[in-house]
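Just below is one structure, and these are the notes that go with it.
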Amino acid sequence: MNDEVDMGAVERMASTWLVRLDDDPEDAGLRAEFEQWLDASPEHRRVWAETRDLDLLLEAARPVDAVALPAGNVVPLKFRRKARGKWRVFVPLAAAACLGLVLAADIPVWMQAQDIARTGEVHKVALQDGSTAWLAPGAAMAFSMDAEGRRLKLLRGKGYFDVAHDPAHPFRVEAGDGEVKVLGTAFEAGFNEQGMAVSVRRGLVEVSYPKGRVRDRLRPGRSIAVPWAGSPSRGQVRPDRIAAWMNGRLLVNDRPVRDVLEALRPWYGGYIVARGPGLDTRRVTGIYDLRHPDAALEALARAHTIAVRDITPWLRIVTVE
9 MNDEVDMGAV ERMASTWLVR LDDDPEDAGL RAEFEQWLDA SPEHRRVWAE TRDLDLLLEA
69 ARPVDAVALP AGNVVPLKFR RKARGKWRVF VPLAAAACLG LVLAADIPVW MQAQDIARTG
129 EVHKVALQDG STAWLAPGAA MAFSMDAEGR RLKLLRGKGY FDVAHDPAHP FRVEAGDGEV
189 KVLGTAFEAG FNEQGMAVSV RRGLVEVSYP KGRVRDRLRP GRSIAVPWAG SPSRGQVRPD
249 RIAAWMNGRL LVNDRPVRDV LEALRPWYGG YIVARGPGLD TRRVTGIYDL RHPDAALEAL
309 ARAHTIAVRD ITPWLRIVTV E
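Just so you know, the numbering used here puts 23 at position 15 of the sequence shown, and the rest follows in order with no gaps.
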């Protein structure tokens, strides 16, 4: 095993410790185990300090109404190889395929949406009832209200919602086949083709899925992930860590590589094409800077020995064996 792979293992472990200690800071046994790991090597202490400092730096960033990355904000990856040979043939084919898929998927969203967050942008929307929505990059929504209540349809992606208290007019968020009902609260909700997820920072919400057949009530610090096919999973999360993407942070705890790449895509001003059998089997724990997706890809590749090819300034090929 070479030094680079060894350092990747240390970086992965430091990120794992950061997440575990943050999730359960009062666990004395966990703290003792961490101290033992820390004392095992000076490199452990050095990498831990770098990981902790990065987390503090990212946490200090304040949420903004809209964070748009410059179109040319691409950080070159030192380990990438230039496109040549068969890649010159592949590039136009991949570009055409990506463009066709994006256009086909976006047409229904464009026709219904009132607000769409651009790539790399956290978009703040002031709703007419006094509530506020923050849309993650690429997310889209439509809002309406009448005598029966307030309804926000999340057409794509995820958002964070601070809902004005109005018991006479319940606030509902539709996300795919699921729905979130609230009176006055702050929470995160999102969905994709696999399912929906909800986390509550303040107040009480009722999550129904699919379309009201099953209901769950969530209090602050509780979350639920609902696959469209399968059983829901419930969990706990620190309220102040909910919707970390508003600060440009991605917090990952034992998730497959595919999930990390899905989270990076809306922040990247191009296309990330992923392939390989390890997309769903390779697990990732760590903290990544969403505002610099190329740097996040570099950190992911270095820590998990993943191959990233820089084909053009707007196309990355990620291979996970």
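Every residue gets a Cβ at the ideal spot worked out from N, C-alpha and C, and that includes glycine.
Where do the ends of the alpha helix (DSSP H) carrying Q44 lie?
Taking the first residue of the sequence shown as position 1, residue 44 is located at position 36. Segment A36 to D47, the alpha helix (DSSP H) holding Q44.
My output table needs one value for V185: the three-state DSSP class, helix, strand or coil.
Your numbering for residue 185 matches position 177 in the sequence shown. According to the sequence displayed, residue 185 carries Asp and not Val. Coil at D185, not helix or strand.
Comparing C-alpha positions only, which one of L26, Q202, G184 and R291 sits nearest to E329?
Working through the sequence shown from its first residue, we reach residue 329 at position 321. Among L26, Q202, G184 and R291, the Cα nearest to that of E329 is on R291.
Is it true that the CB of M153 sits closer than 9 Å to the CB of K161?
Residue mapping note: residue 161 aligns to position 153 of the sequence shown, counting from 1. Residue mapping note: residue 153 aligns to position 145 of the sequence shown, counting from 1. Cβ atoms of K161 and M153: not closer than 9 Å.
Cβ atoms of S207 and A147: under 9 Å apart, would you say?
Position 139 of the sequence shown, counted from the start, is the residue given in the question as residue 147. Position 199 of the sequence shown, counted from the start, is the residue given in the question as residue 207. Not closer than 9 Å, so no.
Per DSSP, I314 forms a beta bridge with which residues?
The residue you call residue 314 lines up with position 306 of the sequence shown. BP columns for I314 are empty, so no partner.
Tell me, which residues are paired with H131 by DSSP?
Position 123 of the sequence shown, counted from the first residue, corresponds to residue 131. H131 pairs with L143.
Comparing alpha-carbon positions, which option in I314, D32 and D318 lies nearest D264?
Working through the sequence shown from its first residue, we reach residue 264 at position 256. Looking at the sequence provided, one finds Pro at residue 264 rather than Asp. Taking only the C-alpha atoms, the option nearest P264 is I314.
Answer yes or no: do R180 and A194 have a C-beta to C-beta separation smaller than 9 Å?
Within the sequence shown, residue 180 is the residue found at index 172, counting from 1. Within the sequence shown, residue 194 is the residue found at index 186, counting from 1. No, Cβ-Cβ distance for R180 and A194 is not below 9 Å.
Nearest-angstrom Cα distance between S23 and L163?
Taking the sequence shown and counting its residues from 1, one reaches residue 23 at position 15. Taking the sequence shown and counting its residues from 1, one reaches residue 163 at position 155. Going by the C-alpha atoms only, they are around 33 Å apart.
In angstroms, rounded to a whole number, what distance separates the CA positions of R53 and E214?
Taking the sequence shown and counting its residues from 1, the one referred to as residue 53 is at position 45. Taking the sequence shown and counting its residues from 1, the one referred to as residue 214 is at position 206. Distance between the alpha carbons of R53 and E214: 44 Å.
Measure from the alpha carbon of W45 to the alpha carbon of each residue in E34, L26 and D32, then state which is nearest.
By one-based count along the sequence shown, residue 45 stands at place 37. Comparing Cα-Cα distances from W45 to each of E34, L26 and D32, the minimum goes to L26.
Going by beta-carbon coordinates alone, are Q202 and P240 separated by less than 9 Å?
Sequence index remark: in the sequence shown, residue 202 carries index 194 (1-based). Sequence index remark: in the sequence shown, residue 240 carries index 232 (1-based). Cβ atoms of Q202 and P240: not closer than 9 Å.
What residues are listed by DSSP as bridge partners for A148?
On the sequence shown, position 140 is the one that residue 148 refers to. A148 pairs with I124 and R164.
Measuring CA to CA, which of S216, G186, V326 and R230 is closest to V245?
If you number the sequence shown from 1, residue 245 lands on position 237. Among S216, G186, V326 and R230, the Cα nearest to that of V245 belongs to R230.
Can V268 and L308 be called in contact, C-beta distance under 9 Å?
Here residue 268 is taken as the residue at index 260 of the sequence shown, counted from 1. Here residue 308 is taken as the residue at index 300 of the sequence shown, counted from 1. In contact: V268 and L308 (Cβ atoms closer than 9 Å).
Only counting runs of 4 or more residues, tell me where the alpha helix (DSSP H) segments fall wholly within the region 194-277, in order along the chain.
The qualifying runs are 265-272.
Suppose contacts are defined by Cβ-Cβ distances below 9 Å. Is G284 in contact with V326 by that definition?
In the sequence shown, the residue the question calls residue 284 occupies position 276. In the sequence shown, the residue the question calls residue 326 occupies position 318. Yes, the Cβ-Cβ distance between G284 and V326 is below 9 Å.
Sorted by chain position, which residues of the same chain lie with C-beta nearer than 6 Å to R159's C-beta, five sequence neighbours on each side aside?
Sequence index remark: in the sequence shown, residue 159 carries index 151 (1-based). Closer than 6 Å at the Cβ level, and outside the excluded window around R159, lie S152 and R180.
Given that a residue counts as buried once 16 or more other Cβ atoms are within 10 Å of its Cβ, and exposed if not, what is E196?
Indexing the sequence shown from 1 puts residue 196 at position 188. The residue is buried, with at least 16 neighbouring Cβ atoms inside 10 Å.
Inspect the beta-carbon positions of N261 and T293 and report whether they are closer than 9 Å.
As a working note, residue 261 is residue 253 in the sequence shown. As a working note, residue 293 is residue 285 in the sequence shown. Yes, the Cβ-Cβ distance between N261 and T293 is below 9 Å.
Starting from D288 and walking both ways along the beta strand (DSSP E), at which residues does that stretch end?
Position 280 of the sequence shown, counted from the start, is the residue given in the question as residue 288. Unbroken run through D288: none, as it is neither H nor E.
Using the three-state DSSP reduction, which class does V328 fall into: helix, strand or coil?
To locate residue 328, count along the sequence shown from 1; it is residue 320. In this structure, V328 counts as coil in the three-state DSSP scheme.
Ignore the nearest five residues each way along the sequence and tell me which others in S139's own chain have a CB closer than 8 Å to its CB.
As a first step, residue 139 must be located in the sequence shown, where it is residue number 131. Taken in chain order, the residues that qualify are R158, F169, D170, V171, A172 and F179.
If you draw a straight line from the C-alpha of P321 to the C-alpha of D302, how long is it?
As a position in the sequence shown, residue 321 is number 313, starting the count at 1. As a position in the sequence shown, residue 302 is number 294, starting the count at 1. Straight-line Cα distance between these residues: approximately 10 Å.
For G238, count the other beta carbons within 10 Å of its own beta carbon; 16 or more makes it buried, fewer makes it exposed. Which is it?
Against the sequence shown, residue 238 aligns to sequence position 230. Label assigned to G238: exposed.
Is it right to say A205 is buried, meaning 16 or more other beta carbons lie within 10 angstroms of its own, or is it exposed?
As a working note, residue 205 is residue 197 in the sequence shown. A205 should be labelled buried.
Using 9 Å as the threshold, is the C-beta distance between G128 and W253 below it?
Start at 1 with the first residue of the sequence shown, and residue 128 comes out as number 120. Start at 1 with the first residue of the sequence shown, and residue 253 comes out as number 245. Cβ atoms of G128 and W253: not closer than 9 Å.
Excluding the 5 residues preceding and the 5 following M21 in the sequence, name in chain order all residues of the same chain whose CB lies nearer than 6 Å to its CB.
Along the sequence shown, read from residue 1 onward, the residue named residue 21 stands at position 13. Same-chain partners within the cutoff: there are none.
Can you tell me the Cα-Cα spacing of E156 and Q120, whole angstroms?
By 1-based counting over the sequence shown, the position of residue 156 is 148. By 1-based counting over the sequence shown, the position of residue 120 is 112. Roughly 21 Å separates the two Cα atoms.
Consult DSSP for V171 and reduce its assignment to one of helix, strand or coil.
Within the sequence shown, the letter at position 163 stands for residue 171. Note: V171 maps to coil in three-state DSSP.
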